[in-house]
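What follows is a set of notes on a single structure, which appears directly below.
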Amino acid sequence: MNIKELPTPSYVVDEKLLRRNLEILQSVQDRTGCNILLALKGFSMHAVFPLVGQYLKGIAASSLFEARLGFEEMGKEVHVYSPAYIEEEFDELLGYCDHMVFNSFDQWRKFRDKVKKHPRKIECGIRVNPEYSEIATDIYNPCYRNSRLGVTLANFKPEELEGIDGLHFHTLCEQNSDTLERTIKVVEEKFGEHLKRMKWLNLGGGHHITRPDYDLETLVRCILYLKEKYGVEIYLEPGEAIALNTGFLVSKVLDIVDNGMKIAILDASAACHMPDVLEMPYRPAIINGGEPGEYPYTYRFGGNTCLAGDVIGDYSFAEPLKPGDKLIFCDMAHYTMVKNNMFNGVNLPNIMLYNEEEGFKMIRRFGYEDFKNRLS
287 MNIKELPTPS YVVDEKLLRR NLEILQSVQD RTGCNILLAL KGFSMHAVFP LVGQYLKGIA
347 ASSLFEARLG FEEMGKEVHV YSPAYIEEEF DELLGYCDHM VFNSFDQWRK FRDKVKKHPR
407 KIECGIRVNP EYSEIATDIY NPCYRNSRLG VTLANFKPEE LEGIDGLHFH TLCEQNSDTL
467 ERTIKVVEEK FGEHLKRMKW LNLGGGHHIT RPDYDLETLV RCILYLKEKY GVEIYLEPGE
527 AIALNTGFLV SKVLDIVDNG MKIAILDASA ACHMPDVLEM PYRPAIINGG EPGEYPYTYR
587 FGGNTCLAGD VIGDYSFAEP LKPGDKLIFC DMAHYTMVKN NMFNGVNLPN IMLYNEEEGF
647 KMIRRFGYED FKNRLS
């Protein structure tokens with residue numbers, strides 16, 4: 287990619303890299319007969335939904351708007367889960383979805399008559415919480431102590447399973463298939479007897495299937511084991527795995543200040559454009575950038591908001607930086623566009639698509655009206 291003429295900041299998604307991920311996911315579907323969905327909470331760039339739809343079975347949504355977006359822009363299966371459904375939105379939501387997962391038996395009782403009376407067949411499920419997870423960061427752990435997500439064994443009601451077609455669990459976050467294998471053992475111990483009554487089992491998201499070190503063989507073995515033992519159809523709904531390592535954020539150095547170290551102020555912001563840097567936290571890789579002190583010139587990168595903690599991280603370079611230099615942050619397709627914001631009136635990055643045949647294509651520019659219309 288020649289980024290010299292690119293406007294900044296810009297998210298750039300590489301179509302070739304995206305297709306590579308989709309081919310890996312397709313291979314899992316082909317080998318196991320499972321169904322893989324795109325979880326829109328991780329990646330909702332609908333300009334590429336037609337491409338994604340060539341490989342995957344549909345989308346997984348957590349809200350009315352996500353469900354509608356998947357229904358309108360991909361036109362394949364729409365699966366919905368929410369911690370609690372909003373009654374005023376429910377009738378419209380039914381018009382978009384094929385599968386609906388409930389977070390509690392109270393929610394199931396509240397809405398089941400509406401689901402049954404709907405002219406289309408909508409398959410229903412209950413999300414279970416096996417109270418087992420290997421996620422270290424609580425904000426991303428669905429099974430941490432006193433979690434609101436899913437029905438625990440103590441609260442599971444077998445007598446209310448009439449009309450329920452499947453079970454759903456989601457306990458992973460950016461993890462390999464060995465974690466899934468250990469999790470399945472716990473799910474079986476607690477809910478295995480009920481799986482035999484089900485038509486399908488949804489293994490949720492958090493599967494880093496397209497990561498280079500991901501163990502595909504263990505995933506395939508887990509899926510086939512569940513299908514053979516319980517006779518269930520298997521669904522997975524990763525978000526990151528679709529867009530992992532497919533996107534970049536191109537930013538520009540605006541100024542360099544000195545306060546005990548060199549600090550480069552960019553036109554990209556951790557707070558606005560890559561919130562996971564502050565939430566996780568994590569330090570995104572930069573092309574040609576190293577760890578602090580690895581190369582002769584070390585800089586702290588800060589965003590252009592007035593938030594004191596709007597800091598991306600510390601990086602070193604072989605040559606000194608200067609205002610106007612462009613930087614390329616890696617793995618910026620997932621949990622960026624879906625989570626970004628216009629705090630401080632800072633504009634959102636452009637959204638761009640790249641392929642080798644056509645080069646860069648501008649998908650969306652943002653401006654003042656986008657900022658104004660979100661407010662009152």
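For the sequence shown, the positions run 287 to 662 when the numbering used here is used.
Glycine included, C-beta positions come from ideal geometry on N, C-alpha and C.
- Within the model, the alpha-carbon separation for asparagine 462 versus threonine 504 is close to 9 Å.
- Asparagine 626 counts as buried, since no fewer than 16 other beta carbons sit within 10 angstroms of its beta carbon.
- Under the three-state reduction of DSSP, tyrosine 430 is assigned to coil, being neither helix nor strand.
- Between leucine 639 and valine 299, the CB-CB gap stays under 8 Å.
- Straight-line spacing of the CA atoms in cysteine 429 and glycine 610 works out to 45 Å.
- When beta bridges are read from the DSSP output, aspartate 384 appears opposite no residue.
- A check of alpha carbon separations from leucine 564 across Asp541, Phe646, Val597 identifies Val597 as the nearest.
- A Cβ-Cβ separation of about 6 Å places leucine 435 in contact with proline 369 under the 8 Å criterion.
- Look at the stretch 404-486 and you find these whole runs of beta strand (DSSP E), each 3 residues long or longer: 409-413, 452-454.
- When DSSP assignments are scanned along the stretch 517-566, the uninterrupted stretches of alpha helix (DSSP H) that are 4 or more residues long and fall wholly within it turn out to be 526-529, 556-559, 562-565.
- By the neighbour-count criterion, in which 16 or more other beta carbons inside 10 Å mark a residue as buried, proline 295 falls on the buried side.
- Isoleucine 322 and methionine 360 have their C-alpha atoms spaced approximately 14 Å apart.
- Taking 8 Å as the cut-off, the Cβ atoms of leucine 292 and valine 536 count as close.
- Following the DSSP letters along the chain, one finds alanine 325 inside the beta strand (DSSP E) bounded by residues 321-325.
- The residues Val364, Tyr382, in chain order, have a CB closer than 7 Å to that of phenylalanine 357 in the same chain once the five nearest residues on each side in sequence are set aside.
- Within the DSSP bridge table, the entry for phenylalanine 587 names Ala550, Gly599 as partners.
- A direct Cα-to-Cα measurement between arginine 660 and proline 561 gives close to 19 Å.
- A distance of 8 Å or more separates the beta carbons of methionine 618 and arginine 586.
- Lysine 485 and valine 437 do not touch by the CB rule: their CB atoms are close to 18 Å apart, not below 8 Å.
- Between arginine 317 and valine 506, the C-beta gap is smaller than 8 Å, which places the two residues in contact.
- Under a 10 Å Cβ-count criterion, alanine 527 is classified as buried, with 16 or more other Cβ atoms of the shown protein chains found around its own Cβ.
- In this chain, lysine 647 is not harboured by any alpha helix (DSSP H); it is covered by the beta strand (DSSP E) spanning 645-650.
- For leucine 481, the CB contacts under 6 Å within the same chain, skipping 5 residues up- and downstream, are Tyr516 in chain order.
- Closest by C-alpha distance to alanine 333, out of Lys647, Asp656, His385, Ser662, is Lys647.
- Note on geometry: alpha-carbon atoms of aspartate 377 and leucine 593 lie some 41 Å from one another.
- Buried is the label assigned to aspartate 553, since at least 16 other Cβ atoms lie within 10 Å of its Cβ.
- Around the CB of isoleucine 372, fewer than 16 other CB atoms lie within 10 Å, so the residue is classed as exposed.
- In this structure the stretch 483-497 lies against the stretch 448-461, because at least three pairs of beta carbons, one per stretch, are closer than 8 Å.
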